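The block underneath contains the structure these notes are about, expressed in structure tokens.
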Amino acid sequence: MWLRDDLRVTDHPALHHAVERGEPVVCLYVLDEVSEGIRPLGGAAKWWLHHSLTSLAANLADLGAPLTLRRGPAQEVVSDVVRTTGADTLLWNRRYGGPERAVDAALKEWAGENGVEAHSYAGSLLFEPWTITTQSGNPFRVFTPFWRACTSGPPPRKPYPAPSALTPAEPAPDSENLADWHLLPTHPDWSGGLAQTWAVGEQAAHERLEDFLEESLPTYTKDRDYPAKPVTSRLSPHLRWGEISPYTVWHTALHRGGNPGKFLTELGWREFSWYNLYIHPDMAQRPINPKYERFPWPELDEDALVAWQRGRTGIPLVDAGMHELWETGTMQNRVRMVVASLLAKNLLIDWRLGEQWFWDTLVDADAANNPHNWQWVAGCGTDAAPYFRIFNPETQQKRFDPDFVYVDRWNGRQEGVEPIVDLKESRAHALDLNSQL
Numbered sequence: 133m134w135l136r137d138d139l140r141v142t143d144h145p146a147l148h149h150a151v152e153r154g155e156p157v158v159c160l161y162v163l164d165e166v167s168e169g170i171r172p173l174g175g176a177a178k179w180w181l182h183h184s185l186t187s188l189a190a191n192l193a194d195l196g197a198p199l200t201l202r203r204g205p206a207q208e209v210v211s212d213v214v215r216t217t218g219a220d221t222l223l224w225n226r227r228y229g230g231p232e233r234a235v236d237a238a239l240k241e242w243a244g245e246n247g248v249e250a251h252s253y254a255g256s257l258l259f260e261p262w263t264i265t266t267q268s269g270n271p272f273r274v275f276t277p278f279w280r281a282c283t284s285g286p287p288p289r290k291p292y293p294a295p296s297a298l299t300p301a302e303p304a305p306d307s308e309n310l311a312d313w314h315l316l317p318t319h320p321d322w323s324g325g326l327a328q329t330w331a332v333g334e335q336a337a338h339e340r341l342e343d344f345l346e347e348s349l350p351t352y353t354k355d356r357d358y359p360a361k362p363v364t365s366r367l368s369p370h371l372r373w374g375e376i377s378p379y380t381v382w383h384t385a386l387h388r389g390g391n392p393g394k395f396l397t398e399l400g401w402r403e404f405s406w407y408n409l410y411i412h413p414d415m416a417q418r419p420i421n422p423k424y425e426r427f428p429w430p431e432l433d434e435d436a437l438v439a440w441q442r443g444r445t446g447i448p449l450v451d452a453g454m455h456e457l458w459e460t461g462t463m464q465n466r467v468r469m470v471v472a473s474l475l476a477k478n479l480l481i482d483w484r485l486g487e488q489w490f491w492d493t494l495v496d497a498d499a500a501n502n503p504h505n506w507q508w509v510a511g512c513g514t515d516a517a518p519y520f521r522i523f524n525p526e527t528q529q530k531r532f533d534p535d536f537v538y539v540d541r542w543n544g545r546q547e548g549v550e551p552i553v554d555l556k557e558s559r560a561h562a563l564d565l566n567s568q569l
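Its first residue numbered 133, the sequence shown is counted upward by one per residue in our numbering.
Encoded structure:
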């Protein structure tokens, strides 16, 4: 059983079907950052992965089987482990990025040529992207009709239970040492804030869901836009690494009663992001709306980019958000939109540079949500009337953090730091450039 972004034992379809076969199981995780097109992980993501694999290894050991760790190109590594263990079956949960699908397809072909059964399962998305189309058979470009189409069909399947025990392969295949992968930062170790903010692993994910449903769901719809109010689920990194499945989140929220509709719509936005990545595999590099490939980005102002990255723009809500990101590896959702809008619209810095910074600093950065959300804010993605949405951080501040609770928590008000950009003039300039396309 080949593990990827599904570091859990509950509602793990590939693991469930492996156990059902009644044969010894090899649980293999491959760190592949070298296959063609595979995007190497950012620093915060590596930190999370280290701790998530540690947690998973303990859970698998409790069930009776070790976690085998290998590094390298996945096709070579997986086929080698299949050969050396004599496994006759290869199971995994599907991935939806273009390079990942190419790796998986090649392995399925190799398996067929070598007498090995290969099966893949739906484990990370509620709805398979290729099953959701308009009545004319085209992809959806707007979220609301997409989500309506998803939810008007059969409901997502019920979660699979965790296995009660695993039969390990004898002898166990050789495993690499997780510490040798050097996923944790050391010179310097900047991860102290991450460790204080997050509990990593499957148990933590389930506890987080329970806490959210009990404490925050009742006021979620009303309060979710206010960054000082801790009502968001904070499940995004757990979902990104597959420590909890969307099926578990979906059915647990519905079973709890109340009205989880707005919260489940956020799961829908996650589905929409992956749907778009499935259709546009190069979403992190190229605008979905092709006319924005011609957008006349000015010469890069390195000082402005660094000021944005370090939270030194002189704009309190933006600087607070960037400090929160650096300290915790996350940022409240509305603030994410505000800081992204400032970079792409007011500072006129290519959204891809912001996407890359988030990729390196977010614990929940994944190949779909990160570029899809950046394109949405930058106005070059799937939205119908996108470019004129320019978030004014001062207006957003007055509406959603009027007493500066969030800003002061993250040191957004810094004495003597003047705004690096005039919001009104830069907005007009951005709209003017866009009108010339």
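Note that CB positions come from ideal geometry on N, CA and C, so glycine has one too.
Since this is a predicted model, take the numbers as computed values, not measurements.
Exposure of Lys611, with buried meaning 16 or more beta-carbon neighbours within 10 Å:
Nothing about residue 611 can be reported from this structure: the residues present for the chain run from 133 to 569 only.
Please classify Ser567: is it buried, with 16 or more other beta-carbons within 10 angstroms of its beta-carbon, or exposed?
Position 435 of the sequence shown holds residue 567. Burial call: exposed.
Per-residue DSSP class, three states only, for Val157
Position 25 of the sequence shown, counted from the start, is the residue given in the question as residue 157. Residue state, collapsed to three classes: strand.
Skipping 5 residues on each side, what residues in its chain have a beta carbon closer than 6 Å to that of Trp134?
Position 2 of the sequence shown, counted from the start, is the residue given in the question as residue 134. If we look at Trp134 and ignore the five residues flanking it on each side, its Cβ neighbours are Leu160, Val210 and Trp224.
Using C-beta distances below 6 Å, list every residue in its chain close to Ser368, excluding the 5 sequence neighbours before and after it, in chain order.
The residue you call residue 368 lines up with position 236 of the sequence shown. Within the same chain, Ser368 has close Cβ partners Asp496.
Since I believe Arg227 is in contact with Arg595 (beta carbons under 8 Å), could you give me their beta-carbon distance rounded to a whole number of angstroms?
The question about residue 595 has no answer, for the chain in this structure spans 133 to 569.
Inter-residue Cα distance where the pair is Leu188 and Lys423:
Translated into the one-based positions of the sequence shown, residue 188 becomes position 56. Translated into the one-based positions of the sequence shown, residue 423 becomes position 291. The alpha-carbon atoms of Leu188 and Lys423 are separated by roughly 45 Å.
Scan the segment 191 to 255 and note each continuous beta strand (DSSP E) run of 3 residues or more that stays entirely inside, going in chain order.
199 to 203, 221 to 225 and 249 to 253
Bridge partners for Leu485 per DSSP, in chain order?
Position 353 of the sequence shown, counted from the first residue, corresponds to residue 485. Its beta-bridge partners do not exist; DSSP assigns none.
Thr380: which of Ala327, Glu526 and Pro291 sits nearest, CA to CA?
In the sequence shown, residue 380 corresponds to position 248, counting from 1. Of the candidates Ala327, Glu526 and Pro291, the one whose C-alpha sits nearest the C-alpha of Thr380 is Pro291.
Starting from Ala336, follow the alpha helix (DSSP H) in both directions and report where the run begins and ends.
Residue 336 sits at position 204 when you count from the first residue of the sequence shown. It spans Glu334 to Asp343 - the alpha helix (DSSP H) in which Ala336 sits, taken as one unbroken run.
Run through the DSSP bridge pairs and tell me what Val151 is partnered with.
Counted from its first residue, the sequence shown places residue 151 at position 19. Partner(s): none; Val151 has no beta bridge.
Quick check: the Cα distance between Trp542 and Ala452, rounded to an integer number of angstroms?
Translated into the one-based positions of the sequence shown, residue 542 becomes position 410. Translated into the one-based positions of the sequence shown, residue 452 becomes position 320. Spanning the two alpha carbons is a distance of roughly 5 Å.
Which class does Leu480 belong to by DSSP, given the choice of helix, strand or coil?
The residue you call residue 480 lines up with position 348 of the sequence shown. The answer is coil: DSSP assigns Leu480 none of H, G, I, E or B.
With DSSP as the reference, please indicate the residues paired to Pro286 in a beta bridge.
Mapped onto the sequence shown, residue 286 falls at position 154. Answer is none; Pro286 lacks a bridge partner.
Is it buried or exposed for His412, if we count other Cβ within 10 angstroms and need 16 for buried?
Your numbering for residue 412 matches position 280 in the sequence shown. Buried, because 16 or more other Cβ atoms sit within 10 Å of the Cβ of His412.
Spatial neighbours of Pro172 within its chain, please: C-beta separation below 8 Å, excluding the five flanking residues on both sides.
Stepping through the sequence shown from its first residue, residue 172 is reached at position 40. Around Pro172: Glu165.
Is the Cβ-Cβ distance between Phe520 and Leu569 less than 8 Å?
The residue given as residue 520 occupies position 388 in the sequence shown. The residue given as residue 569 occupies position 437 in the sequence shown. It is not a contact, given that the beta carbons lie outside the stated cut-off.
Arg179 in three-state terms, based on DSSP
Here residue 179 refers to the residue found at position 47 of the sequence shown. The sequence as given places Trp at residue 179; Arg does not occur at that position. Correct three-state label for Trp179: helix.
Return the first residue and the last residue of the alpha helix (DSSP H) that Ile552 is part of.
Numbered from its first residue, the sequence shown carries residue 552 at position 420. Note, Ile552: premise wrong, no alpha helix (DSSP H); not H, not E.
For Pro300, does the three-state DSSP call read helix, strand or coil?
In the sequence shown, the residue the question calls residue 300 occupies position 168. Pro300 falls in the strand class under three-state DSSP.
Please state whether the Cβ-Cβ distance between Ser323 and Leu316 is less than 8 Å.
For the purposes of this step, residue 323 is taken as the residue at position 191 of the sequence shown. For the purposes of this step, residue 316 is taken as the residue at position 184 of the sequence shown. Contact: yes.
I need the DSSP call for Trp373, collapsed to helix, strand or coil.
Mapped onto the sequence shown, residue 373 falls at position 241. In the structure shown, Trp373 sits in coil (DSSP, three-state: anything other than H, G, I, E or B).
For the pair the segment 521 to 533 and the segment 283 to 302, tell me if three or more CB-CB distances fall below 8 Å.
no
Give the secondary structure of Leu429 by DSSP, where H, G and I count as helix, E and B as strand, and everything else as coil.
Reading the sequence shown from its first residue, position 297 is the one you call residue 429. What sits at residue 429 in the sequence shown is Trp, not Leu. Coil at Trp429, not helix or strand.
Three-state secondary structure (DSSP) of Val495
As a position in the sequence shown, residue 495 is number 363, starting the count at 1. Of the three classes helix, strand and coil, the one that applies to Val495 here is coil, per DSSP.
Would you identify the three-state DSSP class for Leu163, choosing helix, strand or coil?
What you label residue 163 is simply residue 31 of the sequence shown in a count that begins at 1. Looking at Leu163 - three-state DSSP - the assignment turns out to be strand.
The alpha helix (DSSP H) with Arg273 in it runs from where to where?
As a position in the sequence shown, residue 273 is number 141, starting the count at 1. No alpha helix (DSSP H) holds Arg273; DSSP gives it neither H nor E.
Could you give the DSSP three-state label for Trp134: helix, strand or coil?
Numbered from 1 along the sequence shown, position 2 holds the residue referred to as residue 134. Strand, per DSSP.
Can the beta-carbon of Val509 be found less than 8 Å from the beta-carbon of Met469?
If you number the sequence shown from 1, residue 509 lands on position 377. If you number the sequence shown from 1, residue 469 lands on position 337. For Val509 and Met469, yes; Cβs fall inside 8 Å.
Is Glu346 helix, strand or coil by DSSP?
The residue you call residue 346 lines up with position 214 of the sequence shown. Glu346: helix per DSSP, three-state reduction.
Secondary structure of Leu386, DSSP reduced to three states:
Against the sequence shown, residue 386 aligns to sequence position 254. Three-state DSSP puts Leu386 in a helix.
For the candidate residues Gly461, Glu208 and Ala327, whose alpha-carbon lies nearest to that of Glu168?
By 1-based counting over the sequence shown, the position of residue 168 is 36. Nearest C-alpha to Glu168: Glu208.
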